[in-house]
Amino acid sequence: MLFSVGLSLVVLLSVVGAATVERVEYDYYKYHPMPEITDWMVQAVKDYPEVVTIVEYGQTYEKRTISLLKIGNGSPRPSVSTLSERSFKHTKRTQRCKR
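As structure tokens, this is what we get:
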């Protein structure tokens, strides 16, 4: 379980072997209206146009567009990265031990 009110989202973007780490503060415990979420997605595309695109995934029953952010450098080799609560806790423990 995460204890902070405002969660930190660490976005890792890799472009041609160079990694950029950007820390974005976003309150996941607060309701965000859809226009605000859409603005956030559009801003991500503007900030990182070489790796972030908006894809229209489909439509809801009410004919509203379902969009998603696609993050990648155009490589034909797909990769997926996930972080579960268990691996997050393990990472934190490992970092404390190394200090």
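Under mature numbering (1 follows the signal peptide of the UniProt record, and there is no 0), residues -18 to -1, 1 to 81 are what the sequence shown spells out, in order.
No residue lacks a Cβ here, since even glycine has one placed at the ideal position from N, Cα and C.
Please read these numbers as outputs of a predicted model, since none were measured by experiment.
Item, Value
"Quick check: GLN41 and THR47, are their CB atoms within less than 8 Å of each other?", "yes"
"Which of the three DSSP states, helix, strand or coil, is assigned to GLU18?", "helix"
"Taking LEU51 and ALA26 to be in contact with their CB atoms under 8 Å, please state how far apart those CB atoms are, rounded to whole angstroms.", "6 Å"
"Cα separation between ASP9 and ARG59?", "33 Å"
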